[in-house]
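Worksheet: one structure, shown below.
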Amino acid sequence: MSDLRAVEDLHDTSGGPDAADVPRRLVSRPAIADRIFRIGSTGIGAFVLVIFGAIGFMLAIAAVPTLRRYGWHFFVENEWQPERDQVGMSEVLLGTFLVAAVALIVAFPLALTSALYISEYAPAKLRGALVALVDLMAAVPSIVYGLWGLFMLQPYLLEVAHWIHQNLGFIPLFRVNTDPDAPMWAQARYTGSIFIAGVAVAMMAIPIGCAVMREVFAQAPIGEREAALALGATRWGMVRAVVLPFGRGGIIGGTMLSLGRALGETVAVLLIIAPIFDLKARILENGGITVSSLIANRFGEATAVQLSALLTAGFVLFVITVIVNTIAAVIVSRSRSGAATEI
Amino acid sequence: MTQTIQFAEAPYSDVPPPATLDARHISAWFGARKVLDRVSLTMHAGQVTALIGPSGCGKSTFLRILNRMHELVASAQLAGEVLLDGEDIYAAGRRITEARRDIGMVFQKPNPFPTMSIYDNVVAGLKLTGKRARRAEKDRLVEECLVKAGLWREVADRLQQPGGALSGGQQQRLCIARSLAVRPRVLLMDEPCSALDPTSTRVVEETIAELATEVTIIIVTHNMQQANRVSDQCAFFLAEQGQPGVIVEHGPTEEMFGNPQDPRTADYVHGRFG
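Sequences listed follow chains A and B, in order.
Each residue of the first sequence is one higher than the one before, starting from 47 at the first, in my numbering.
Each residue of the second sequence is one higher than the one before, starting from 690 at the first, in my numbering.
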């Protein structure tokens, strides 16, 4: 501030009534520490953008030969057999979205209710521990979730899948190519399914969704909370009237971020799912594939041409993830609560 | 239109009579710090009682104890009882939501639900307390409460606009209307005019005067003139250095301002400290 005034004084030679009535240029000379910090932080910020752009650019370049060779066919073909010149993403993309959808349907209610419990109901002493615990869920390596899903979750989920098939099997999504009511039902038909992979991925999608929602709920204005309570509202009534409407942007944004996480999950899916490239939307049935598990699965033995195809798949996933996250960011920043929340 | 209105409890068609609020031996703590020491005060039905005193003397805490808002603070504790027409609102069998519905509150900072429409703001209490009402009944309630709060003429033609778009004074009157819509028998006001301009303050004071016959009003204020203008009874709170707050003197407002018994009251109401 004193800098500013000093500089102004230097230039203030006019000042009389004849002085030109135009906006004057304000000059301020920032302190040396400010300048260093500004250059440093600008540089680092730009570096992040450069890296991000470079990844996209590199993937795009690598994708060109494949896209040129197969054209739009690349998105229609469902087989992935580069050795027979059959490469396409239709089943891979379908599988990716189905796994993400299952994950989201499982994760959303869990993330929402745990966020509500932590921010609205949990005793203060428990709150810190719960927050740490949910955050810890994000820190568990995904291979652990994969193993857990495969060896501990799957036996139970088989029963669930079988039950869904028995009772809701008339819906095409829940069809399985076996007789659900056979006395010895074919358990193997239900293993390695999109459903089971999706549930395992849900465990990884919960923490990010929960964290964003919790943060937004905690910002619901105390004045409005008290207003609702003073009218005789129950706690749940207050939550419904104040906290949930206030946090709507965070709920949507957190869910979209979970979706981004679920779309990209690799190792857990790779462990659980049985890679099959049939174009089918039967989530309970053995087999399926996702973009990232495909890449991890085929990367090791890929030739140069096959690598290009895999990188193209990676590029498509990259673009989808960017789109999902951008939409999430826009929704959150436009909502009432979003102005103060970073995601 | 033939109206055959049959309500099981008919709470919104007629206004319940104002109630007497009797606070007995109220002490309050935040953690280990005691902020009120055995305060007793009877707030008579259909009268306006003003709570005055310097900052930090426990007026607001006392007010928030009267409708069980005090216990929202994690470390808050209290002793004593608050009798609403003879029944303790802290009794084990009483629901906290019932006490708060019977004893409404208007806050220092206007706090309408900003995204709800003006109309929905007024009837928000119905929804929050699980009361259903027909559209026609709600329409009448909205008009009645907005008229009582002195806001009807300003907003009658834009009831569907969000409550957050109103000016500060209008928001505060909207909050008063919202409180009235659940038919409280007592209305607590915590410095309702301290965030308002003089014109809005005058309108709110007029509203208070008009409401006084149908609802018991207890108002915390820092403004001596306001206390003098709006209240029938007055209680002077004071907390000596490091001591919890107590009521130094209370009685009819004229007596308190015209002929205070305690020299500290005289000093305060004449603006010699605080």
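Every residue gets a Cβ at the ideal spot worked out from N, C-alpha and C, and that includes glycine.
Task: Three-way DSSP call (helix, strand, coil) for A:A274 in this model - done: Secondary structure at A:A274: helix, using DSSP grouped into helix, strand and coil.
- [ ] Inspect the CB distances between the region 783-795 of chain B and the region 746-757 of chain B and report whether three or more fall short of 8 Å.
- [x] yes
- [ ] Pull up the distance between the alpha-carbon of A:A207 and that of A:V122, whole angstroms please.
- [x] 29 Å
Open item on the list: In the DSSP output, what is B:W718 paired with across the bridge?
Closed with: B:K723 and B:Q766
Open item on the list: Since A:A153 and A:S304 should fall inside the 8 Å C-beta cutoff, what is the C-beta to C-beta distance between them, to a whole number of angstroms?
Closed with: The beta-carbon distance between A:A153 and A:S304, rounded to whole angstroms, is 5 Å. This is short enough to meet the 8 Å contact definition.
Open item on the list: With a threshold of 8 Å between beta-carbons, can A:R380 be considered close to chain B, or not?
Closed with: no
Task: chain A within 8 Å of B:K798, Cβ atoms only - done: yes
Task: Range of the contiguous beta strand (DSSP E) that encloses A:F220 - done: Here A:F220 belongs to no beta strand (DSSP E), and DSSP marks it neither H nor E.
Task: Pair within 8 Å by beta-carbon distance, A:S239 and A:N332 - done: yes
Open item on the list: Quick check on B:L817 - is its C-beta less than 8 Å from some C-beta in chain A?
Closed with: Taking Cβ atoms only, chain A reaches closer than 8 Å to B:L817, which makes this a yes.
Open item on the list: Looking at the secondary structure, which residues open and close the alpha helix (DSSP H) in which A:M104 lies?
Closed with: I78 to Y116
Task: Residues of the region 289-305 of chain A whose Cβ lies closer than 7 Å to any Cβ of chain B, in chain order - done: P291
Task: Cβ neighbour criterion (16 or more within 10 Å) applied to B:D956 - done: exposed
Open item on the list: Within a Cβ cutoff of 6 Å, which residues of the same chain sit near A:T112, ignoring the five residues on either side of it in sequence?
Closed with: Excluding positions up to five away in sequence, the list reads S354, A355 and T358.
Task: Residues that A:A175 contacts on chain B, provided the C-beta gap is smaller than 9 Å - done: Against chain B, the beta carbon of A:A175 has no neighbour under 9 Å; the closest one sits roughly 16 Å away.
Open item on the list: Distance check for B:N912 and B:G934, CA to CA, integer angstroms please.
Closed with: 19 Å
TODO: For B:H939, write down the residues that DSSP places opposite it in a beta bridge.
DONE: B:A924
Task: Closer than 8 Å to chain A by CB, B:G814 - done: yes
Task: For B:L877, the three-state DSSP class (helix, strand or coil) - done: In the structure shown, B:L877 sits in a strand (DSSP, three-state: E or B).
Task: Straight-line gap, B:Q953 to B:Q922 (C-alpha atoms, nearest Å) - done: Note that residue 953 of chain B is Arg in the sequence shown, not Gln. B:R953 and B:Q922: Cα-Cα distance of roughly 18 Å.
TODO: Return helix, strand or coil for A:V68, following the three-state DSSP convention.
DONE: coil
TODO: Return the first residue and the last residue of the beta strand (DSSP E) that B:I907 is part of.
DONE: T905 to V909
- [ ] Quick one: residues in its chain with C-beta nearer than 6 Å to the C-beta of A:L363, no 5 flanking neighbours on either side, listed in chain order?
- [x] V337
Open item on the list: According to DSSP, simplified to helix, strand and coil, what is A:L340?
Closed with: helix
Open item on the list: Can you confirm whether A:A386, when its beta carbon is compared against all beta carbons of chain B, has any partner nearer than 8 Å?
Closed with: With a pLDDT of only 46 at A:A386, under the threshold of 50, the placement of this residue in the model should not be trusted; the figure read from the coordinates follows. No, A:A386 lies away from the interface with chain B (no Cβ there is under 8 Å from its Cβ).
Task: Contact list for the region 939-960 of chain B against chain A, Cβ threshold 7 Å - done: none
TODO: Give me whichever residues DSSP pairs with A:M259 in a beta bridge.
DONE: The partner list for A:M259 (beta bridge, DSSP) is empty, contrary to what the question assumes.
Task: Per DSSP, the bridge partner or partners of A:Q132 - done: A:Q127
Open item on the list: Using the three-state DSSP reduction, which class does A:D49 fall into: helix, strand or coil?
Closed with: With a pLDDT of 49 at A:D49, under the threshold of 50, the predicted position of this residue should be treated as unreliable, and no value is reported.
Task: Backbone CA spacing between A:P134 and B:G852 [nearest angstrom] - done: Reading the sequence as shown, one finds Gly at residue 134 of chain A and not Pro. Cα to Cα, the separation comes out at about 54 Å.
Open item on the list: Using only the alpha-carbon positions, how far apart do B:E833 and B:W841 sit?
Closed with: 8 Å
Task: Cβ neighbours of A:A232 in the same chain (closer than 7 Å, five flanking residues each side left out) - done: T224
Open item on the list: Counting only beta-carbon separations shorter than 8 Å, does A:T237 have a partner in chain B?
Closed with: No, its Cβ sits nowhere closer than 8 Å to a Cβ of chain B.
Open item on the list: Just to make sure I have the definition right: I need the residues of chain A whose C-beta is within less than 7 Å of the C-beta of B:A763. Which are they?
Closed with: A170
Open item on the list: I'd like the ranges of any beta strand (DSSP E) spanning at least 3 consecutive residues and lying wholly in the region 731-813 of chain B.
Closed with: 737-741, 765-773 and 792-795
Task: Cut-off 7 Å between Cβ atoms - residues of its own chain near A:A149, not counting five sequence neighbours on either side - done: Here the set comprises G244, V247, A248, A251 and A308.
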